[in-house]
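In what follows, a structure is listed as structure tokens, so that the remarks can point back to it.
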Amino acid sequence: MGARSSKITTQNNRSDGHLLEYFRNTFIRGGGASSVNVYTGLTATGGVISDYSDPGPGAVYRAHIFTSSGTFSVSALGTYGSNVDYLVVAGGGGGGADDGGGGGAGGFRSGSSFPVSSSPGVYPIQVGAGGVLATQYSSVGSHGGTGTPSIFSTITSAGGGGGGFRSNTDTSAGRKGADGGSGGGGAISAPGGTSGAGGAGNSPPTSPSQGNPGGSSAPYPTGPAYGGGGGGGAYTPGVNGTNTAGGNGGDGYPSSISGSSVTYAGGGGGGGRGATSGTGGPGGGGAGSPGAGANATSGTQSTGGGGGGVSYPSGASGSGGSGIVIVRYQIGQLTATAKATGGAISYYGGKTIHTFTSTGTFNVTSGPITAEMVLVAGGGSGGAGYGSWAGAGGGAGGVVYHPGISVANGPYVVTVGGGGASAFTDGATYYNGNDGNDTSIALPTTYTAYRGGGGGADPLASPPGSGRSGGSGGGGAYIGSGGTAAQPATNPGATEYGNPGGSGGNRGAAGGGGANPSVPLGTGQNGGPGNPSAFGGYGGAGLQLPATFQNPASAPSPSITTPPSGGGGLGAPGPGGGGYWVAGGGGGGGKIDSAGTGGGPGGPYAGGGNGGGPNLEPGYSAIQNTGGGGGGNGSNTGSGIIYSGSGGSGIVLIAYPS
């Protein structure tokens, strides 16, 4: 492509924060050959950086991985030209309720040779959220929510269609799966005895296709068993439900654009009453619930997987998994071997950095190494209240930091905890927020960051409206106390961070706890004491990641929309305008006055979601891969189904000298 090679000498060993810096240090200083040929690629920022080489042709690539919305910014074009490759996966659909269909996978679009420019060189990235879960209450079900589109420049992938629900009125609109990137599965209809059709895939249509239709449900039978259809996947359609089983979700499609082969956009499995539940499709699809009272599985975050459908007469379906956007381009023509594999690998400040935004394997191949590591657990979701009670903010995921641990040759399993799913109120019932999930690595001693606690809202808790305990505790609602900060695991040589949630204030709900131990606002602010000051408390302050991991190429965008604010890179903005912050508590919902902000006053900061304002405004979700707590919903008046904000998934960072 007209590239000009140059011979490296020690004089041009600059710290440019990517793989070429590693090659300069490695090859010139005795780690390999005495000289290498180097070409130049784009100069760009945004997302989590992954630098890797293709062992076949020896091409070196840089991938920008966006698990939340942000900006891909190009400041200069290199000698490899102005074209990039892309992957755009939308949020998956939520599963349906009441013997419901599985959610359809988010639309999957990929391509190469997409031209970019350095003038102005700013490309907003939208990463679609998964569709909300469906509710089952008072013998009435609901559709799963349709996922949100993901967008890179002119490339848009449609959100996955929500799963259909069992319709007592036999309306085709109720039992049919929704259309989307891939269609949601259909649900049975009673007493009409008909089956629900799956939603159409590839809607709106694109070429090549971005997804497949969902499966149809079984007809209402004379026997006790029947199943909903599976949601469509990017590679295959959803499977029809039968009178013995819910349909399986369609298969997703693999991609190696990030440097590792990952399957995305699998459909959710159908629910089944008295029947075997449908399995989620490969690519993050959630499984249907196995029977009455059991919850379905949500789609995996950052895959666009569809959520599983839920059975009758109770339980919740799975929400859809959030999407992902990846932009890749060539930066060199070299080969080298790192000391370990796993996650997104980047090179900054003389260190090799492995970033895990989802579960995987860290395999040391040239050990022992001395590794600095940060583990952040998934944050809790906000509580969902109504009437006189607002929902409290979810607690941030616990944070574990080790400044330097000796690690022998692997492999070692890395588990990245998902954030707690949104809670809902149906205008008659309160629900506490859901806890997040633990993040861990087995070295072989297992280090574990404890999940964030869900925000309070349930009047039957003791005391009423109390938040749940966690790495950081969820806030309390009404007169409830905040959840305590807990870290059950033993992490030798590491420092653990987390704080309790604030207490409820009669009317205003409290914020969830954040991770910061040195700032008084690390504990979620208490809610307002009652009328007329029924404000929501702000969430606790988060932490800024150590300087080792503050690669400017992965800086989060300072603002996308408000709320939420920032994202797209490593961590989220914090107070004072700095980036790379994690584990901010969720804001409490407002009863009459304003809601609390996530991550401290003036936020949202550190990935925490804002609370919802009066009149049942929904809570705002935390930013993915920050461990932030979700915001509680507002209250006062209104009816219908209102959701709290979901918690943010966690992250694992490992660095060692290159």
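First residue of the sequence shown? That's 22 in this note's numbering, and the numbers climb one at a time after it. A virtual CB, placed ideally from N, CA and C, is assigned to each residue, including glycine. None of these values were measured; they are calculated from a predicted model.
Query raised in the report: Where does Phe-570 sit, in a helix, a strand or coil, going by DSSP?
Result: helix
Query - Start and end residues, beta strand (DSSP E) containing Gln-354 - result: 345-354
**Report entry** Per-residue burial, Ala-194 [other beta carbons within 10 Å of its own, 16 or more giving buried]
**Finding:** exposed
Query raised in the report: If Gly-267 sits next to Gly-184, beta carbons under 8 Å apart, how far is it from one beta carbon to the other, in whole angstroms?
Result: Rounded, the Cβ-Cβ distance is 10 Å, inconsistent with contact.
Report task. Go ahead and label Pro-225 buried or exposed: buried means 16 or more other beta carbons lie within 10 angstroms of its beta carbon, across all protein chains shown. Result -> exposed
**Report entry** Through-space distance from Gly-116 to Ile-662, alpha-carbon basis
**Finding:** 16 Å
Query raised in the report: Alpha carbon to alpha carbon, what distance is there between Ser-670 and Pro-170?
Result: 20 Å
Query raised in the report: On the premise that Gly-249 lies in contact with Ala-126, defined as a C-beta separation below 8 Å, what is that separation, rounded to the nearest angstrom?
Result: Going by Cβ atoms, the distance from Ala-126 to Gly-249 rounds to 16 Å, so no, they are not a contact pair.
Query raised in the report: Looking only at C-alpha atoms, which of Gly-312, Ala-442, Ile-86 sits nearest to Gln-147?
Result: Ile-86
Query raised in the report: Hey, quick one: how far does the beta strand (DSSP E) through Ser-131 stretch, first residue to last?
Result: 129-136
**Report entry** Neighbourhood of Pro-553 by C-beta distance below 7 Å, restricted to the same chain and skipping five residues each side
**Finding:** With a pLDDT of 47 at Pro-553, under the threshold of 50, the modelled position of this residue cannot be trusted; read the value that follows with caution. Once the five neighbours on either side are set aside, the close Cβ partners of Pro-553 are Ile-613.
Query - Arg-83, enclosing beta strand (DSSP E) - first and last residue - result: 80-87
**Report entry** Opening and closing residue of the beta strand (DSSP E) in which Ser-468 lies
**Finding:** Per the sequence presented here, residue 468 reads as Tyr, with Ser not at that position. It spans 467-470 - the beta strand (DSSP E) in which Tyr-468 sits, taken as one unbroken run.
Query raised in the report: When you compare each of His-375, Ala-442, Val-95, Gly-232 to Gly-403 by their alpha carbons, which one comes out closest?
Result: Ala-442
Report task. Go to Ser-94, then tell me how far its beta strand (DSSP E) extends in each direction, as first and last residue. Result -> 91-97
Requested in this report: Specify the secondary structure class of Pro-678 as computed by DSSP and reduced to three states.
Outcome: strand
Report task. Measure the alpha-carbon distance for Gly-532 versus Gly-606 and round it to whole angstroms. Result -> 7 Å
Query raised in the report: Looking only at DSSP bridge pairs, what is Trp-602 linked to?
Result: Gln-565, Ala-593
**Report entry** Sheet register partners of Gly-248 (DSSP bridge)
**Finding:** Gly-293
Query raised in the report: Taking buried to mean at least 16 other C-beta atoms within 10 Å of its own C-beta, is Pro-678 buried or exposed?
Result: exposed
Requested in this report: Report the option in Ser-332, Asn-223, Gln-351 whose CA atom is closest to the CA atom of Ala-208.
Outcome: Ser-332
Query raised in the report: Contact between the region 552-572 and the region 591-610: three or more CB pairs below 8 Å?
Result: yes
Report task. State the Cα-Cα distance for the pair Pro-577 and Ile-366, rounded to the nearest angstrom. Result -> 18 Å
Query raised in the report: Gly-477 to Ala-643, Cα distance in whole Å?
Result: 17 Å
**Report entry** First and last residue of the uninterrupted beta strand (DSSP E) at Leu-108
**Finding:** 104-110
Requested in this report: Could you tell me which of Thr-658, Pro-465, Ala-155, Ala-627 sits nearest to Ser-648, measuring between CA atoms?
Outcome: This sequence places Gly at residue 648; Ser is not what is there. Taking only the C-alpha atoms, the option nearest Gly-648 is Ala-627.
Query raised in the report: Roughly how many whole angstroms lie between the Cα atoms of Gly-52 and Gly-431?
Result: Reliability fails at Gly-52, whose pLDDT of 33 lies under 50, so the model's placement of it is uncertain and the value that follows must be treated cautiously. Rounded to whole angstroms, Gly-52 to Gly-431 spans 21 Å at the Cα level.
Query raised in the report: Cα separation between Thr-100 and Gln-508?
Result: 51 Å
Query raised in the report: Got a sec? Which residues, its chain only, sit under 7 Å from Ser-387 by beta carbon, not counting five neighbours each side?
Result: Lys-360
Requested in this report: Using the Cα positions of Gly-307 and Gly-299, report the straight-line distance between them to the nearest angstrom.
Outcome: 9 Å
Query raised in the report: What are the boundary residues of the beta strand (DSSP E) that Val-381 is part of?
Result: First, the residue type needs correcting, since residue 381 is Gly and not Val in the sequence shown. Per DSSP, Gly-381 belongs to the beta strand (DSSP E) from 381-385.
Requested in this report: Determine, using beta carbons only, whether Gly-473 and Gly-416 come nearer to each other than 8 Å.
Outcome: yes
Requested in this report: Could you say if the region 617-627 and the region 587-600 meet the contact criterion of at least three C-beta pairs nearer than 8 Å?
Outcome: yes
Query raised in the report: Roughly how many angstroms lie between the CA atoms of Asp-119 and Arg-187, to the nearest whole one?
Result: 5 Å
Query - Which of helix, strand or coil DSSP assigns to Ala-506 - result: strand
Report task. Please work out which residues of its chain come closer than 6 Å, Cβ to Cβ, to Ala-14, disregarding the five sequence neighbours upstream and downstream, and give them in chain order. Result -> Nothing can be reported for residue 14: it is not among the residues displayed for the chain, which extend from 22 to 679.
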